[in-house]
Amino acid sequence: MEKKIKTSNDNRIDYGVILPVFLLCLIGILSLYVALTHDPNGPSVARGVGMQIIWYIVGAIAIAVVMRINSKWIWKLTPYLYGAGLLVMGLLLKFYDQNLAASTGSKNWFRFGNVTFQPAELMKIAYILMLALIVTKHNTQVKVRTLKSDFWLIAKLMIISIPVITLVMAQRDFGTMLVFLAIFGGVFLMSGISWKIIGPVFAFAFIVGAGTIFLVTTESGREFLYTVGFKSYQFARIDSWLDPFHDTSGFSFQPAQGILAIGTGGMFGKGFNVSNIYVPVRESDMIFTVIGENFGFIGGAFVIFLYFILIYRMIRVCFDTNNEFYAYIASGLIMMLLFHVFENIGANIGLLPLTGIPLPFISQGGSSILGNMIGIGLILSMRYQNEAPVKKSRR
């Protein structure tokens with residue numbers, strides 16, 4: 002005989018998730034302080050660091066609130082959150098910050114006085130919830146999985162994904178679009194769809210990716226990509242990735258300076274608050290260069306280790322939960338975080354092209370911090386709300 006019991010509140014809080022997040026936020030404050038101190042064109046140190054701390058506090062409150070919401074309420078709210086997200090993303094096309102659009106080429110920011118906000122960061126959470134809801138509903142309704150039912154599930158996932166991807170593409174935010182595709186891939190992989198479908202899909206994606214790289218490295222290939230909508234700045238970013246030092250007075254300046262900053266940090270770094278190499282946008286997209294220059298390979302490895310611990314704990318929560326809806330939410334959140342970390346650090350060290358994706362919990366940016374903190378709140382709620390079945394001892 003089994004009965005459900007609730008453990009104490011203290012045991013239901015996963016400190017294995019909270020601790021790495023706290024340490025990453027602390028590293029974020031220190032890194033932002035260094036970046037702003039040595040940036041003559043950036044905001045004041047007091048204002049920049051102060052706003053970051055405020056967002057951390059708001060994020061902590063969001064965690065405390067979200068972790069107390071049970072899955073039934075999340076389930077009911079998900080369609081409304083998804084619909085509201087689409088509405089706000091649509092409004093952004095009309096009321097975007099024109100100054101940031103002129104400097105970045107992307108229409109992905111609202112401006113409220115001196116405060117800017119990127120709705121896509123919260124839309125990522127709503128999108129993950131909607132994917133999880135669709136997959137859970139489908140698996141509940143379909144008792145016997147067939148290729149036909151799997152294709153029907155894919156169609157459902159595409160129906161809710163196409164509006165999101167379309168709006169992000171209209172905002173000209175290629176990096177954020179890649180994040181949404183990564184989230185889709187993570188939930189798609191964990192949804193129970195047959196490997197007879199998953200195998201060819203991932204093979205096709207690999208062929209498209211490899212083919213695109215081949216096309217951008219040839220003149221005829223570039224002419225073809227121009228005809229299908231590729232822009233000059235996108236080719237410039239790819240060229241800067243393939244050879245970061247080929248145009249250090251132009252598009253390659255940022256990646257080249259970032260590699261130099263990390264490289265000069267050596268094994269142990271130059272010490273806290275030392276910045277001998279100027280790197281543009283260091284407080285956000287290039288924040289890892291601060292860590293590399295100040296604390297060297299050891300500091301960078303420690304940050305990666307913290308992310309490893311956090312992702313490992315999230316995976317543990319995903320496997321421990323007895324709620325299928327929660328499990329798919331965790332899958333999407335893990336993929337989102339993993340892609341952010343891999344792409345940001347990879348771009349900073351020259352492994353991947355720059356796409357403007359922030360480093361979770363460390364980069365400056367209130368919308369990014371809030372979105373990630375809500376995601377952590379959802380992960381914590383999986384254990385906080387979980388009522389694990391406990392077997393009664395037999396006599």
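Here the sequence shown is numbered in the numbering used here, starting from 2 and rising by one per residue. Where is the CB? At the ideal position from N, CA and C, for every residue including glycine.
For residue i, collect the residues of the same chain with a Cβ closer than 7 angstroms to its Cβ; drop the 5 residues on either side in sequence, then sort them by chain order.
| i | result |
| --- | --- |
| Val304 | Ile28, Ile292 |
| Asn349 | Gly259, Ile263, Met287, Phe289, Thr290 |
| Val89 | Pro120 |
| Arg314 | Asp15, Gly17, Val18 |
| Ile70 | Ser382 |
| Gly222 | Phe215, Leu216 |
What does the alpha-carbon distance come out to for the pair residue i and residue j?
| i | j | result |
| --- | --- | --- |
| Val46 | Tyr57 | 16 angstroms |
| Gly300 | Asp174 | 31 angstroms |
| Asp15 | Leu216 | 47 angstroms |
| Gly230 | Pro245 | 24 angstroms |
| Lys197 | Gly84 | 33 angstroms |
| Thr322 | Val275 | 45 angstroms |
| Ile363 | Val143 | 42 angstroms |
| Gln365 | Lys95 | 25 angstroms |
| Ile278 | Leu82 | 43 angstroms |
| Met178 | Gly372 | 16 angstroms |
| Thr117 | Phe236 | 28 angstroms |
| Pro201 | Thr141 | 26 angstroms |
| Leu101 | Trp76 | 36 angstroms |
| Thr105 | Asn12 | 46 angstroms |
| Pro80 | Glu224 | 42 angstroms |
| Asn295 | Trp74 | 45 angstroms |
| Ile161 | Gly270 | 46 angstroms |
| Asn42 | Ser285 | 14 angstroms |
| Gly86 | Ala211 | 33 angstroms |
| Lys232 | Gly351 | 21 angstroms |
| Leu307 | Cys26 | 11 angstroms |
| Thr213 | Phe205 | 12 angstroms |
Who are the near neighbours of residue i in its chain, counting only those whose CB is closer than 6 angstroms to its CB and skipping five residues on each side?
| i | result |
| --- | --- |
| Ser192 | Val136 |
| Gly310 | The residue you asked about is not Gly; residue 310 is Ile in the sequence shown. Only Pro21 meet the Cβ criterion. |
| Thr8 | Bear in mind that a pLDDT of 47 at Thr8, under 50, signals an unreliable position, so the model cannot answer this. |
| Leu154 | His139 |
| Ala328 | Cys319, Thr322 |
| Leu123 | Gly372 |
So residue i and residue j are supposed to be a Cβ contact under 8 angstroms. How far apart are they, rounded?
| i | j | result |
| --- | --- | --- |
| Val318 | Arg238 | Going by Cβ atoms, the distance from Val318 to Arg238 rounds to 36 angstroms, so no, they are not a contact pair. |
| Leu67 | Ser382 | First, the amino acid is wrong: residue 67 is Val here, not Leu. Right, the Cβ-Cβ distance comes to about 6 angstroms (below 8 angstroms), so this counts as a contact. |
| Leu33 | Gln53 | 5 angstroms |
| Phe189 | Leu158 | 7 angstroms |
| Ala183 | Met336 | 5 angstroms |
Using C-beta distances below 8 angstroms, list every residue in its chain close to residue i, excluding the 5 sequence neighbours before and after it, in chain order.
| i | result |
| --- | --- |
| Tyr97 | Lys108, Asn109, Trp110, Phe111, Gln172 |
| Val282 | Gln255 |
| Gly267 | Gly297, Phe298 |
| Phe152 | Ile198 |
| Asp240 | His247, Asp248, Phe252, Ser253 |
| Ser195 | Arg146, Leu148, Asp151 |
Does the Cβ-Cβ distance between residue i and residue j come in under 8 angstroms?
| i | j | result |
| --- | --- | --- |
| Phe320 | Ala133 | no |
| Ile163 | Gly378 | no |
| Ile358 | Gly176 | yes |
| Leu37 | Gly51 | no |
| Ala257 | Thr265 | no |
| Trp242 | Leu353 | yes |
| Gly60 | Ile380 | no |
| Ile316 | Leu338 | no |
| Lys125 | Val35 | no |
Okay, do the region 140 to 149 and the region 334 to 342 touch, 3+ Cβ pairs below 8 angstroms being the bar? no
Would the region 329 to 338 count as touching the region 119 to 132 if we require 3 or more Cβ pairs under 8 angstroms? yes
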